[in-house]
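Chains as they are written, first to last, in the numbering used here: chain A, 2 to 267; chain B, 240 to 455.
Glycine residues also receive a C-beta, built at the ideal position from the N, C-alpha and C atoms.
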Amino acid sequence: MITFLLYLLNSLGRWVIQYSHAFFSALQLTLVILRRGHIYQRQHRKNKLIKHAITAQIIFSGIDTLFPTLFILSIFIGFGVTAQLILFLQTFSNEQEVIRLLTEFIALQLSPTLTAIILIARSGSAITVDIGNMYVNYETKGLALLGVDPYIYLAYPRIIGLAISQMALAVYFATLSMLFGIFFAGLLGSPSNFKYFFIIIDSFNNQELFLFLLKNLLSGAAIAGYACYFAFNIQSSITEVPQATQKSIVHSLIAVFMINTVFAMV
Amino acid sequence: MKTLIQTENAQPHDNSPALNCQLTEKSTFCFKSKSISLSPYLKMLDLHSSPYNGSVHYTPQLHTAYLNPEIQLVSWLPSFANLTLAANYHQLGTRQEINERADYLLDCFSCTAIRDRLPHFISPLERKYLLIARTLMLEPQLLFLDTPFIGLNRQETEKLTEKLVTLAKQCQLTLVTNETGSNFIQLAQAHIIYCDTQKFHYFSHWNDFQRYLKVT
Chain A
2 MITFLLYLLN SLGRWVIQYS HAFFSALQLT LVILRRGHIY QRQHRKNKLI KHAITAQIIF
62 SGIDTLFPTL FILSIFIGFG VTAQLILFLQ TFSNEQEVIR LLTEFIALQL SPTLTAIILI
122 ARSGSAITVD IGNMYVNYET KGLALLGVDP YIYLAYPRII GLAISQMALA VYFATLSMLF
182 GIFFAGLLGS PSNFKYFFII IDSFNNQELF LFLLKNLLSG AAIAGYACYF AFNIQSSITE
242 VPQATQKSIV HSLIAVFMIN TVFAMV
Chain B
240 MKTLIQTENA QPHDNSPALN CQLTEKSTFC FKSKSISLSP YLKMLDLHSS PYNGSVHYTP
300 QLHTAYLNPE IQLVSWLPSF ANLTLAANYH QLGTRQEINE RADYLLDCFS CTAIRDRLPH
360 FISPLERKYL LIARTLMLEP QLLFLDTPFI GLNRQETEKL TEKLVTLAKQ CQLTLVTNET
420 GSNFIQLAQA HIIYCDTQKF HYFSHWNDFQ RYLKVT
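Below you can see the structure in the form of structure tokens.
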């Protein structure tokens, strides 16, 4: 029994050390990438190469995800969660309490988490595979020999693009899931539920909105940061790419939940 | 002729033969060897790795480029975008100037037809052409080509040889290469830096080199 407990503690300790190491290394890499990218952009103000790459990343991660994935998911969440919550809570709460719970739970907590999960599955994994394959095939080395910094050309636009995409998608998702929820609550329950359309607009305060945007920016940067970190850590074999992708997904998920927890405590 | 690089007893590794040579502008130099690998010497000359012993002197503001068989084009960019990427990154001119140079190089290598194709959909020879063209976009004075003909058949080797020799003359480029055949050396009128087991020897003509081989 004691041996088993020791083994369990040992495994847990090893996991914590490995996770902490990956966390600080990924954080360091992300900061290095952002710093290099910022310096490059400051020195080459007229250069549109990086701006185009950021735009391409936003189109891939943000706009392509918006429809149909996020749109359909927001309908389901609107019907399955928001509408049900409105109908259920109305029986024993007043309007303000219903709205407060909706904004707190659906808009500020559930939407960023679900958006982040979609981005991890869709874009985070793609970034790791993309850069990882480039690394294994000596494409990044070729770029480096031409004086093109892979951190600036490959990683920086992805981090900025994913942070912006996460922020925009979370706003869209929160808005759509609330609107669809109120719409379904009006259809399924009483038409008087449509009044929530007007009440909900005034229910957010500036501080909440600022923290919401900041949280999403950090989540997006964390997803891309981990994806780049594990991609650039691939040594030489193509078999390392799926392993790196798997690690990137797991670590990004943990990071997103950690960020949500920290912001929930603020 | 102006000396671009000069080495003094430069050794890439502990027990490798020391190299003393002068690489002059607008010339072609071929490294040949009986038994040792010459890639470390090219890397050392391009300052990819610092010499283990001795020294490598560069002329100030010398712009070099290095290509080895491992390096690949960016797989998700079409040929033209691959060529313009580094020039755009370094802002080596206006967008129009960069595009014109890329088109000129595509034309030089007879690759205009594959301008918009991805690297996966072009032949190994065309990929080699594009890799060299991509490097030439940065207008280097000195180009190191590590085993440039590897993976090519005889006909492709001949085609690449002709293109390289023509371009080196057109762009007034110094070429430094290894593992090349006699055809390339003769056509490019290359200087030969030959290493037997112990020492490097310099030959300014193919015939001198042949004579040396017969004697030894």
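Answer with yes or no whether the minimum CB distance from Val242(A) to chain B is below 7 Å.
Along the first sequence, read from residue 1 onward, the residue named residue 242(A) stands at position 241. Taking Cβ atoms only, chain B never reaches closer than 7 Å to Val242(A), which makes this a no.
Looking at the C-beta of Val313(B), does it have a partner C-beta in chain A at a distance below 7 Å?
Within the second sequence, residue 313(B) is the residue found at index 74, counting from 1. Val313(B) counts as touching chain A.
Unbroken alpha helix (DSSP H) run spanning Asn321(B), endpoints:
To locate residue 321(B), count along the second sequence from 1; it is residue 82. That run of the alpha helix (DSSP H) goes Ser318 to His329.
Residue burial classification, Arg373(B) (beta-carbon count within 10 angstroms, cutoff 16)
Numbered from its first residue, the second sequence carries residue 373(B) at position 134. With 16 or more Cβ atoms within 10 Å of its Cβ, Arg373(B) is classed as buried.
Ile431(B) bridges to which residues according to DSSP?
As a working mapping, residue 431(B) is identified with position 192 in the second sequence. For Ile431(B), which the question treats as bridged, DSSP gives the partners Cys269(B) and Phe442(B).
Starting from the beta carbon of Tyr328(B), find every residue of chain A whose beta carbon is closer than 7 Å, and list them in chain order.
The residue you call residue 328(B) lines up with position 89 of the second sequence. Under the 7 Å cutoff, chain A gives Leu50, Val149 and Tyr154.
Taking only three categories from DSSP, how would you classify His302(B)?
If you number the second sequence from 1, residue 302(B) lands on position 63. Correct three-state label for His302(B): coil.
Which residues in the same chain as Leu30(A) place their Cβ atom closer than 6 Å to its Cβ, once the five residues preceding and following it in sequence are excluded?
Residue 30(A) sits at position 29 when you count from the first residue of the first sequence. The answer, listed in chain order, is Tyr230.
With the cut-off set at 7 Å, would you say Ala23(A) and His252(A) are in Cβ contact?
For the purposes of this step, residue 23(A) is taken as the residue at position 22 of the first sequence. For the purposes of this step, residue 252(A) is taken as the residue at position 251 of the first sequence. Yes.
Lys196(A): buried (16+ other C-beta within 10 angstroms of its C-beta) or exposed?
The residue given as residue 196(A) occupies position 195 in the first sequence. Exposed is the call here.
Taking CB distances under 7 Å as the criterion, tell me whether Tyr305(B) reaches chain A.
By 1-based counting over the second sequence, the position of residue 305(B) is 66. So yes, Tyr305(B) belongs to the interface.
Can you list the residues of chain B that His22(A) reaches, using a CB-CB cut of under 7 Å?
As a position in the first sequence, residue 22(A) is number 21, starting the count at 1. Ordered by position in chain B, no residue passes the 7 Å Cβ test against His22(A), which lies about 29 Å from the chain.
If we require 4 or more residues per run, which alpha helix (DSSP H) segments fall completely within the segment 79 to 107 of chain A?
Counting only runs of 4 or more, we get 84 to 90 and 96 to 102.
Pull up the CB-CB distance for Ile224(A) and Ile121(A), whole angstroms please, since I reckon it's below 8 Å.
Translated into positions along the first sequence, residue 224(A) becomes position 223. Translated into positions along the first sequence, residue 121(A) becomes position 120. About 5 Å; that satisfies the 8 Å criterion.
Is there a Cβ from chain B that is less than 7 Å from the Cβ of Gly143(A)?
For the purposes of this step, residue 143(A) is taken as the residue at position 142 of the first sequence. Taking Cβ atoms only, chain B reaches closer than 7 Å to Gly143(A), which makes this a yes.
Near Ile361(B), which residues of its chain fall below 6 Å by C-beta distance, leaving aside the five closest residues on each side in sequence?
By one-based count along the second sequence, residue 361(B) stands at place 122. Correct list, in chain order: Ile353.
Mind pulling the chain B residues with CB within less than 8 Å of Tyr139(A)?
Counted from its first residue, the first sequence places residue 139(A) at position 138. Think of a sphere of 8 Å around the beta carbon of Tyr139(A): the chain B residues whose beta carbon falls inside it are Glu309, Ile310 and Gln311, in chain order.
Can you tell me where the beta strand (DSSP E) with His296(B) in it begins and where it stops?
By one-based count along the second sequence, residue 296(B) stands at place 57. Per DSSP, His296(B) belongs to the beta strand (DSSP E) from Asn292 to Tyr297.
In three-state terms, what does DSSP make of Thr242(B)?
What you label residue 242(B) is simply residue 3 of the second sequence in a count that begins at 1. Per DSSP, reduced to three states, the secondary structure at Thr242(B) is strand.
Grab me the residues of Met317(B)'s own chain with a C-beta within less than 8 Å of its C-beta, minus the 5 sequence neighbours each way, in chain order.
Locating residue 317(B) in the second sequence gives position 78, counting from the first residue. The residue you asked about is not Met; residue 317(B) is Pro in the sequence shown. Excluding sequence positions up to five before and after Pro317(B), its CB lies within less than 8 Å of the CB of Arg354, Asp355, Arg356 and Leu357, all in the same chain and listed in chain order.
Could you name the residues of chain A that Ala325(B) contacts, counting a contact when the two beta carbons are closer than 7 Å?
Counted from its first residue, the second sequence places residue 325(B) at position 86. Listed along chain A are Leu147, Gly148 and Val149, each with a C-beta nearer than 7 Å to that of Ala325(B).
Does any C-beta atom of chain B lie closer than 7 Å to the C-beta of His45(A)?
In the first sequence, the residue the question calls residue 45(A) occupies position 44. Yes, contact with chain B.
Just checking my contact of Leu414(B) with Thr267(B) at CB under 8 Å: how many whole Å lie between their CB atoms?
Residue 414(B) sits at position 175 when you count from the first residue of the second sequence. Residue 267(B) sits at position 28 when you count from the first residue of the second sequence. Contact holds; Cβ gap of about 4 Å.
Every unbroken alpha helix (DSSP H) within the segment 185 to 257 of chain A, with a cutoff of 4 residues, ordered by chain
When DSSP assignments are scanned along the segment 185 to 257 of chain A, the uninterrupted stretches of alpha helix (DSSP H) that are 4 or more residues long and fall wholly within it turn out to be 197 to 202 and 207 to 233.
Under the three-state reduction of DSSP, which class applies to Gln437(B): helix, strand or coil?
Looking up residue 437(B) in the second sequence gives position 198. Reduced to three states, the DSSP call for Gln437(B) is coil.
Can you tell which of Thr242(B), Lys241(B) and Leu258(B) has its C-alpha closest to the C-alpha of Asn248(B)?
As a working note, residue 248(B) is residue 9 in the second sequence. Of the candidates Thr242(B), Lys241(B) and Leu258(B), the one whose C-alpha sits nearest the C-alpha of Asn248(B) is Leu258(B).
Please check the pair Ala54(A) and Gly226(A), which I expect to be a contact at CB under 8 Å, by giving their CB distance rounded to whole angstroms.
In the first sequence, the residue the question calls residue 54(A) occupies position 53. In the first sequence, the residue the question calls residue 226(A) occupies position 225. No, Ala54(A) and Gly226(A) are not in contact; Cβ-Cβ is about 17 Å, not under 8 Å.
Assigned secondary structure, Asn261(A) (DSSP; H/G/I helix, E/B strand, else coil):
Locating residue 261(A) in the first sequence gives position 260, where the first residue counts as 1. DSSP places Asn261(A) in helix when its eight states are reduced to three.
For Phe77(A), does the count of other Cβ atoms within 10 angstroms reach 16, so buried, or fall short, so exposed?
Taking the first residue of the first sequence as position 1, residue 77(A) is located at position 76. Result: exposed.
Short of 6 Å in beta carbon distance, which residues of its chain neighbour Glu395(B), apart from the five on each side in sequence? Order them along the chain.
Position 156 of the second sequence, counted from the first residue, corresponds to residue 395(B). Excluding residues within five positions, the ones whose Cβ falls inside 6 Å are Leu364.
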